[in-house]
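**Q** For any residue, its number in my numbering is found by taking its place in the sequence shown, counting from 1, and adding 5.
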Amino acid sequence: MKIDRKPTPQDVTWFLDMNNNKRLDLSPSYQRKSVWNKSDREFFLDTIINNFPCPPVFIHKDMDPDGNAKYRVIDGKQRLLTVIMYSQDEFAVSNDDEAHPLAGKKFSEIDPDFKKAFWNYTFPVELINEDNKEVLKGIFDRLNRNNKALNPQELRKARYEGNLQKFIEKESEDPYWANLVRFSKHDFSRMVDHQFICEIILMLSDRKIHGFDHFELDEFYAQNDKEFEQEAYIKEHLDLLKNFFTQVNNQEGTLKEFFYTRSAVYSLWSLFMPLAKSLPTDLKDISQKFTNFAASLNEEGENSEDPSVKDYAIYNKGATTDRTPREKRFLALKSYFSF
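What follows is the structure in structure tokens.
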């Protein structure tokens, strides 16, 4: 099918006007999260001030029955977000290069000539007239398929916007994932948390341990995009286990201190998953066992005389997300806790 598109160059002021009038949508459903850091934004501002060319911005013109247009960004979000943020004084350019005309300055502080250059900078724009969401997602996917800045999870978000994706997005807002699982700001921006949550859901869904596999996650998304049949079951078990781990951690803080890496968290979930409906009630005892296990693991590691601690240490290095190491860590914890 031939796509209706046409080149429509627009300067920065046009985008600022559209944004101010709430007619610019930077985050349609297929878009990824913001991933540019401050140095990326500063580099693009240098492109603008020097009037260097930049790649085209792809925009879907979404017209309602009354002729009111909304401009939804398919590709070019980071560039447009940079000009909007800088125009609103949301950041200042660093002082690393004191000779640079923008060094140490917010937009309101730069010289009038540079403001004019900023406002007049022209973006090459490809305007897409197409209302089919699947086609629009396909365009985004094609534009970013070979872009190293996009990871597989971001491509999943672009490709799928059904029940599973919505469930994971809502689940990711639960404070548990930020409090008791180690994710960096970069991880959150690249949707690594979404991907890990999907791994946990897949384990709960199949009731078995999986090795990390992008193709398997893709297939799981595809199977549950239109209808997430296990949603109620998954939510119940997620809530039971999150609450349990939070209460255990509240005893001595052991989980957050020693069992907060993703490999450790996956191991904990695999251990207690079968017990979700009959979890231990003596939280102090469980917490103390975790404390003792962590102490032995840190002090003795592979030299421990306890075979459970030794095996866990052996399989907690290298390719920790493969199925075999995950299964071995599960068996080590199961033996230690006598479940």
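Note that the Cβ used here is the ideal one computed from N, Cα and C, for glycine as well.
Fair warning: this is a prediction, and the values are worked out from it, not measured in the lab.
Identify which residue in Phe188, Lys294, Phe233 has its Cα closest to the Cα of Gly258.
**A** Answer by Cα proximity: Lys294.
**Q** Could you please give me the residues that DSSP links to Leu185 through a beta bridge?
**A** According to DSSP, Leu185 bridges with nothing at all.
**Q** Considering only residues of the region 75-115, which uninterrupted alpha helix (DSSP H) runs meet the minimum length of 4 residues and lie entirely inside it, listed in chain order?
**A** If we require 4 residues or more, the alpha helix (DSSP H) runs fully inside the region 75-115 come out as 82-92.
**Q** Is the region 319-331 close to the region 262-279, with three or more CB pairs under 8 Å?
**A** As far as the Cβ criterion goes, the region 319-331 touches the region 262-279, which means the pair count is three or higher.
**Q** Pull up the DSSP beta-bridge partners for Met23, would you.
**A** Met23 pairs with nothing; no bridge assigned.
**Q** If you pair each beta-carbon of the region 278-292 with each one of the region 242-250, do three or more pairs fall below 8 Å?
**A** As far as the Cβ criterion goes, the region 278-292 touches the region 242-250, which means the pair count is three or higher.
**Q** So, helix, strand or coil for Arg10, using DSSP?
**A** Looking at Arg10 - three-state DSSP - the assignment turns out to be strand.
**Q** Can you round the beta-carbon distance between Ser292 and Arg334 to whole angstroms, since I take them to be within the 8 Å contact cut?
**A** Actually they do not touch by this definition, with Cβ atoms about 19 Å apart.
**Q** Report all residues from its chain with a CB closer than 6 Å to the CB of Val348; omit the five preceding and five following residues, and keep chain order.
**A** The shown model of the chain, from 6 to 344, leaves out residue 348, and the question about it has no answer.
**Q** Starting from Ile64, follow its DSSP beta bridges and name the residues at the other end.
**A** Paired residues: Val78, Leu132.
**Q** Looking at C-alpha atoms only, which residue of Gln93, Pro58, Phe188, Lys289 is the closest neighbour of Leu256?
**A** One detail in the question is off: residue 256 reads as Gln in this sequence, not Leu. That would be Lys289, whose Cα lies nearest to the Cα of Gln256.
**Q** Note down the Cα distance separating Ala299 from Tyr181, rounded to an integer number of angstroms.
**A** In a straight line, the C-alpha of Ala299 is about 21 Å away from that of Tyr181.
**Q** Name the DSSP bridge partner or partners of Asp16?
**A** For Asp16, which the question treats as bridged, DSSP gives the partners Thr127.
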